[in-house]
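Take a look at the structure below.
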Amino acid sequence: MSDISSRQDISLSYLEQLFSKLRRRELVTSVRGPGGGYQLARELEQICVAEIVDAVNESVDATLCNGDNNCQHGHACLTHNLWDDLSKQIHSFLSSISLRDLVDRREVRAVASLQEEHAKHDLIKMEASL
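Under the working numbering, residue 118 is the last one in the sequence shown; the count climbs by one each step, no gaps.
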């Protein structure tokens, strides 16, 4: 977890909260103790990006009112349905992308490799300063 935390530049506490939400939605399983950690609960092909976004309570809502239909004085604004339709399209798009699709993308692998190199470099710098 600490490797992911530093590589993604997010706090370990926040990352643990995210993984807890993923575990509750049965997207990952956890193993306690030495050598423990998290692993995917299903195959890469069986988990879509929308499931992850939904699990961690991230919104893809493009409306100003967060879908509550009260954008303008308690009523839907003139363009509410347009933005609501866009939100649905975004969610549908994310539902069509599996983790396998992401892993197989060359640019995603390139970013992951770059992050790994930076993490190694940072570790070497940290060890040298000790």
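For every residue, glycine included, the Cβ atom is placed at its ideal position computed from N, Cα and C.
For Leu15, no alpha helix (DSSP H) encloses it, and the DSSP letter there is neither H nor E. If only complete runs of 4 or more residues are kept, the stretch 17 to 83 shows the alpha helix (DSSP H) at 37 to 43 and 68 to 83, in order along the chain. DSSP, reduced to helix, strand and coil, places Ser(-1) outside both helices and strands of the structure shown, so it counts as coil.
In the DSSP assignment, the residues bridged to Ser86 are Cys36.
CA-CA distance, Ser(-6) to Val41, rounds to 21 Å. For Asp(-9), the three-state secondary structure derived from DSSP is helix. Taking the Cα positions, Phe81 is about 15 Å away from Glu33.
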